[in-house]
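Residues 0 to 380 in numbering that gives the first Met the number 0 are what the sequence shown lists, from first letter to last.
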Amino acid sequence: MQKTLILGCGIGGIVTSNVLKKIMGQDMQVTVVDRKPDYHYPGAFPLLMIGQRSPESISRPLERLNRKNIEFICDEIMELDFENNRVLTTQHILPYDYLVIALGVEYRSESVPGFNEYVLNAYEFEDVIKINERIHSFDSGRIVFFISSLPFKCPPAPYEMVFMLDYFFRQRGNRSKVELVMVTPEVSPEPLAGPKVGQSVRKMLADRNIELITEAKILGVEKDALILDHGMVVKGEMFLGIAPHWTPNVIRSTGLVDSNGFVEVNPSTLETGIPNVYAIGDVTAIKLPVLEAYAPKAGIFAHYQGEVVARNIACIAQGLTPKYRYTGKGSCIMHTGFGRARYSTVHYFAQPKPFITLLRPSRISYLGKIAFEKYWLNFWF
Ligand SMILES: Cc1cc2nc3c(=O)[nH]c(=O)nc-3n(C[C@H](O)[C@H](O)[C@H](O)COP(=O)(O)OP(=O)(O)OC[C@H]3O[C@@H](n4cnc5c(N)ncnc54)[C@H](O)[C@@H]3O)c2cc1C
């Protein structure tokens with residue numbers, strides 16, 4: 000029987016394994032490896048942060064994939080041995096015919112002095128739970144939310160989180176005593192989405208009395224201050240940050256990566272330079288055809304890329320020509336609080352520039368976001 004090995008059981012790995020198993024059934028052994036036993040749905044972290052979700056309600060044991068005859072192995076991946084078509088984990092030697100790398104990004108908080116001492120990482124499940132505890136006893140003062148560096152995944156998510164903080168304190172009745180400051184290295188919010196989106200997000204921040212500092216270079220964090228370049232200091236009582244993103248070391252040592260450590264792939268087929276080895280999701284170095292910047296990294300793209308790779312592997316395994324192509328299209332719904340959300344679509348391979356649409360916050364988009372969360376946590380497990 001042919002074997003497909005999938006490294007990483009986040010959004011990309013879950014979709015690839017499900018789709019491939021569904022098409023191939025008993026004719027393909029599908030194995031997924033992840034160091035974590037549980038999956039936590041990141042799209043609901045903003046709701047977890049303000050207490051509208053419990054940690055359990057947005058988590059699923061990855062062992063459940065075994066019920067679909069997808070083999071899940073919980074272990075640390077140590078080495079990719081392309082010469083011998085096998086991957087080494089701490090406890091296993093795993094041979095493969097097809098390999099899919101879906102290892103995402105890791106957080107390098109230690110590269111920002113003071114981060115580990117004074118900051119909670121708003122992108123880390125365990126820290127989001129702690130933020131929830133802290134904001135419940137935060138009566139007055141300044142909360143500084145910052146993005147450490149570029150690139151970071153899901154460009155709307157930091158703004159979504161700060162809007163949810165605003166909503167939380169308004170509901171609690173102490174927003175007038177809580178100042179919110181957003182600090183970003185971007186020239187404007189979500190710059191790849193173009194000036195209209197940037198202006199629109201700026202207006203939403205201003206309307207909610209959230210201060211915005213752009214083009215910030217973060218040098219470090221002290222107990223009561225975020226230190227930027229040019230001697231700028233942002234004082235605060237609570238610091239929430241997005242730690243620098245970094246690809247897993249096991250990938251950096253492979254020779255598949257660009258100078259920043261992301262895996263180079265064919266943007267349509269997600270093939271790497273090695274036959275039958277694919278990479279999908281946040282770990283890839285897909286660039287916008289026109290701007291040479293990294294294409295935005297988000298779960299919806301990892302999802303679509305996983306589908307393309309799974310279907311093409313199935314074609315090859317069945318002796319057919321692989322015909323599926325990734326198109327760079329996707330959509331996103333961002334919570335804005337007050338039972339509303341904002342829907343946007345993106346086509347980032349579009350010429351002469353990426354094509355983005357952004358709707359006003361609405362109740363229907365909110366209901367769509369909630370329905371999508373339910374679908375994700377039930378359909379794929
Ligand atoms: C707060 C927040 C909100 C978001 N909201 C959205 C949204 O609304 N819409 C959207 O599209 N995207 C959203 N995203 C982004 C989305 O979560 C990511 O882009 C997506 O998870 C990427 O999928 P992936 O499969 O590439 O990587 P991941 O889902 O990160 O999975 C990678 C997996 O690899 C494992 N791994 C890594 N190295 C090793 C190793 N050496 N050994 C074993 N296992 C390893 C990790 O444990 C991890 O489970 C959000 C992200 C955050 C943080």
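Note that CB positions come from ideal geometry on N, CA and C, so glycine has one too.
Proximal residues to residue i (C-beta, below 8 Å), its chain only, five neighbours per side dropped
i    : result
D80  : V86 and L87
A349 : G327
R324 : S267, T268 and V307
R406 : Because the chain here runs from 0 to 380, residue 406 falls outside it and cannot be looked at.
V403 : As shown, the chain starts at 0 and ends at 380. That puts residue 403 outside it, with no answer to give.
V220 : V111, P112, G113, F114, E116, Y117, V118, I226, F238 and G240
DSSP-derived helix/strand/coil call for residue i
i    : result
S147 : coil
H135 : helix
L269 : coil
T344 : strand
D33  : strand
K234 : strand
T361 : Checking the displayed sequence, the identity of residue 361 turns out to be Ser instead of Thr. S361 falls in the strand class under three-state DSSP.
M117 : Note on identity: in this sequence residue 117 is Tyr, with Met being the wrong assignment. Y117 falls in the helix class under three-state DSSP.
S58  : strand
P190 : helix
S108 : helix
I285 : coil
W375 : helix
P94  : strand
L4   : strand
F380 : coil
E70  : strand
R339 : strand
A349 : coil
Other residues of its chain near residue i: CB distance less than 6 Å, five sequence neighbours each side excluded
i    : result
V285 : A quick correction: the sequence has Ile, not Val, at residue 285. Counting only Cβ-Cβ distances below 6 Å, and skipping sequence neighbours, we find P266 and A294.
M23  : A313
Y365 : G338, R339 and A340
R174 : F168
L380 : With the sequence shown as reference, residue 380 is identified as Phe, and Leu is not the correct amino acid for it. The residues are R59 and R63.
Residue from the options whose Cα sits closest to the Cα of residue i
i    : options                   : result
L179 : N68, R141 and M163        : R141
H39  : I10, F371, Q25 and K2     : I10
T326 : R341, A340 and H302       : H302
E214 : R63, T344 and F145        : F145
Y374 : R59, S53, A278 and R201   : R59
A205 : V233, G219, P188 and V256 : P188
S108 : Q25, H244 and I134        : H244
R207 : T335, L47, K2 and H346    : T335
K67  : I92, N259, V249 and V31   : V31
E159 : V345, M333 and P184       : M333
K383 : G367, R310 and V345       : Coverage of the chain is limited to positions 0 through 380, which leaves residue 383 absent and any answer about it impossible.
L376 : N83, N131, I57 and S136   : I57
S126 : N83, F44 and H346         : The sequence shown places Asp at residue 126, not Ser. If we check each option's Cα against that of D126, F44 comes out closest.
N- and C-terminal bounds of the alpha helix (DSSP H) containing residue i
i    : result
Y303 : G298 to A316
E78  : It is not in any alpha helix (DSSP H) - E78 instead sits in the beta strand (DSSP E) that spans I76 to D80.
Q198 : P194 to D206
M400 : Residue 400 cannot be examined here, being either before or after the span of the chain that is shown, 0 to 380.
S16  : I10 to M23
R251 : N248 to R251
M48  : F44 to M48
CB contact flag (residue i, residue j, <8 Å)
i    : j    : result
C331 : P321 : no
A101 : G7   : yes
M203 : I49  : no
V262 : L98  : no
E70  : V29  : yes
G12  : G298 : no
A242 : V111 : yes
Q90  : D74  : yes
V196 : L357 : yes
I128 : L46  : no
K152 : D281 : yes
P353 : L191 : yes
V143 : V182 : yes
Y389 : E123 : Since the displayed the chain opens at 0 and closes at 380, residue 389 lies outside it and no answer follows.
I212 : L218 : no
A316 : M0   : no
Contacting residues, own chain, Cβ-Cβ under 7 Å from residue i (five flanking each side not counted)
i    : result
G240 : F114, V118, N120, A121, F145 and S147
G306 : According to the sequence provided, residue 306 is Glu. The question's Gly does not apply to it. The residues are V14 and V18.
I92  : R85
P155 : E189, C331 and M333
V289 : Q350, P351 and K352
D138 : N173 and K176
Limits of the unbroken beta strand (DSSP E) element including residue i
i    : result
V264 : From DSSP, V264 is part of no beta strand (DSSP E); its letter is neither H nor E.
Y293 : Element bounds for Y293: n/a, residue is neither H nor E.
E210 : I209 to I212
I332 : K328 to G336
K216 : Note, K216: premise wrong, no beta strand (DSSP E); not H, not E.
M181 : V177 to V182
V86  : R85 to T88
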